[in-house]
Amino acid sequence: AQSVTQPDIHITVSEGASLELRCNYSYGATPYLFWYVQSPGQGLQLLLKYFSGDTLVQGIKGFEAEFKRSQSSFNLRKPSVHWSDAAEYFCAVAALSGGYQKVTFGIGTKLQVIP
Amino acid sequence: DGGITQSPKYLFRKEGQNVTLSCEQNLNHDAMYWYRQDPGQGLRLIYYSQIVNDFQKGDIAEGYSVSREKKESFPLTVTSAQKNPTAFYLCASGKTSGDQGTQYFGPGTRLTVL
Chain D
1 AQSVTQPDIH ITVSEGASLE LRCNYSYGAT PYLFWYVQSP GQGLQLLLKY
51 FSGDTLVQGI KGFEAEFKRS QSSFNLRKPS VHWSDAAEYF CAVAALSGGY
101 QKVTFGIGTK LQVIP
Chain Z
1001 DGGITQSPKY LFRKEGQNVT LSCEQNLNHD AMYWYRQDPG QGLRLIYYSQ
1051 IVNDFQKGDI AEGYSVSREK KESFPLTVTS AQKNPTAFYL CASGKTSGDQ
1101 GTQYFGPGTR LTVL
């Protein structure tokens, strides 16, 4: 069975600083990987996804993520954080299970942005 | 605009009552999902459906029931058997082929048991 670990429950960064949110996964084959963002009281919005090919994927809102198979990681990055990026971020992995693509989510990383 | 709608946004229930959460999508997706979200626990799968008139239990199905009579609709009933139903409930939909597990989410329903 697949699993996802987000080691940082809460991160605080200054506006304009760079950001990296960590995600490690466990899955035997090539995983399908996702990052979602959730504002308080809202649903999840897809930021980006990795299926195959170029290991550096670009997403919406200026985010990117890099797939590193050797480290079983899919870290999310942004060069300069804006106050509107304050939200909770979820990493997820999809894998075939019982005839469908089962998606397993991490517990989330809450990002606080200070002026 | 295509998307997923959930209603109501907030729902209050007395103990011992059943309550139904609505989820509708116009994305023409075959698959639909219900998740429960609690602080510090991420999302946990309650039920999913890959085709009309068929659905499967997820990881925490006890105390919940669903139906899938139409492709667009996947309502979730929280029954009185659910011991701790206060939570944020998210509905999602996706394709069953291609797009490798990408799911699109509704805005959620917050259920509070009084």
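So the protein sequences, as listed, match chains D and Z.
Per our numbering, the very first residue in the first sequence carries number 1; after that it's consecutive.
Per our numbering, the very first residue in the second sequence carries number 1001; after that it's consecutive.
Glycine is no exception: its CB is placed at the ideal position from the N, C-alpha and C atoms.
Residue nearest to residue i in terms of C-alpha spacing, selected from the options
i, options, result
"S70 (chain D)", "D:V81, D:P115, D:T30, D:H10", "D:T30"
"F67 (chain D)", "D:I60, D:R77, D:K61", "D:R77"
"R1110 (chain Z)", "Z:G1098, Z:G1058, Z:V1078, Z:Q1103", "Z:V1078"
"L111 (chain D)", "D:Y89, D:Q101, D:V103, D:G99", "D:Y89"
"K49 (chain D)", "D:L33, D:I60, D:G41, D:F63", "D:L33"
"C23 (chain D)", "D:K61, D:Q45, D:G16, D:T5", "D:T5"
"G1098 (chain Z)", "Z:K1009, Z:L1021, Z:K1014, Z:D1030", "Z:D1030"
"P1039 (chain Z)", "D:E64, D:L21, D:S52, D:H10", "D:H10"
"N1053 (chain Z)", "Z:M1032, Z:P1008, Z:K1070", "Z:K1070"
"E1062 (chain Z)", "Z:I1051, Z:E1072, Z:K1083", "Z:K1083"
"L47 (chain D)", "D:G53, D:G62, D:S72, D:D54", "D:G62"
"S1022 (chain Z)", "Z:P1008, Z:Y1033, Z:E1015, Z:T1096", "Z:P1008"
"P173 (chain D)", "D:V81, D:Q101, D:S73", "With chain D represented from 1 up to 115, any question about residue 173 (chain D) goes unanswered, as that position is not in the structure."
Outcome for residue i when other beta-carbon atoms lying within 10 angstroms are tallied against a minimum of 16
i, result
"F105 (chain D)", "buried"
"L56 (chain D)", "exposed"
"T109 (chain D)", "buried"
"C92 (chain D)", "Per the sequence shown, the amino acid found at residue 92 (chain D) is Ala instead of Cys. It is buried - the Cβ of A92 (chain D) has at least 16 other Cβ atoms within 10 Å."
"P79 (chain D)", "exposed"
"S1093 (chain Z)", "buried"
"S3 (chain D)", "exposed"
"G1101 (chain Z)", "buried"
"Q1017 (chain Z)", "exposed"
"S1049 (chain Z)", "buried"
"L96 (chain D)", "exposed"
"F1012 (chain Z)", "exposed"
"A1 (chain D)", "exposed"
"P1085 (chain Z)", "buried"
"Y1010 (chain Z)", "exposed"
"A119 (chain D)", "Missing from the structure shown is residue 119 (chain D); chain D here goes from 1 to 115 and no further."
"A65 (chain D)", "buried"
"Q58 (chain D)", "exposed"
Contact under 8 angstroms by Cβ, residue i with residue j
i, j, result
"A1081 (chain Z)", "Q1037 (chain Z)", "no"
"G99 (chain D)", "P1107 (chain Z)", "no"
"L1076 (chain Z)", "G1058 (chain Z)", "no"
"Q14 (chain D)", "I114 (chain D)", "For the record, residue 14 (chain D) in the displayed sequence is Ser; it is not Gln. Yes; because the gap between Cβ atoms is below 8 angstroms, this pair is in contact."
"Q1103 (chain Z)", "V103 (chain D)", "yes"
"Y1064 (chain Z)", "Q1056 (chain Z)", "no"
"Y1035 (chain Z)", "L1090 (chain Z)", "yes"
Residue i beta carbon near the ligand MN (any heavy atom closer than 7 angstroms)
i, result
"N1084 (chain Z)", "As far as ligands go, the structure on display features none, and thus does not contain the ligand MN."
Three CB pairs or more closer than 8 angstroms across the stretch 32-44 of chain D and the stretch 85-96 of chain D: Touching, per the Cβ criterion.
Three or more C-beta pairs below 8 angstroms linking the stretch 1020-1032 of chain Z and the stretch 1001-1011 of chain Z: Cβ pair count under 8 angstroms is three or more, so yes.
Within 9 angstroms of chain D by C-beta, residues of the stretch 1009-1032 of chain Z in sequence order: Shown in chain order are the members of the stretch 1009-1032 of chain Z whose Cβ falls below 9 angstroms from a Cβ of chain D: K1009, A1031.
Cβ-based contacts, 8 angstroms cut-off: residues of the stretch 37-54 of chain D near chain Z: Result list: G41, Q42, G43, L44, Q45, L46, K49, F51.
Contact list for the stretch 92-108 of chain D against chain Z, Cβ threshold 7 angstroms: For the stretch 92-108 of chain D, which is checked against every Cβ of chain Z, the residues closer than 7 angstroms are A94, Y100, Q101, V103, F105, G106, I107, G108.
Cβ-based contacts, 9 angstroms cut-off: residues of the stretch 10-33 of chain D near chain Z: Listed in sequence order: Y32.
Chain Z contacts made by the stretch 73-92 of chain D, where a contact means CB separation under 9 angstroms: Listed in sequence order: F90, A92.
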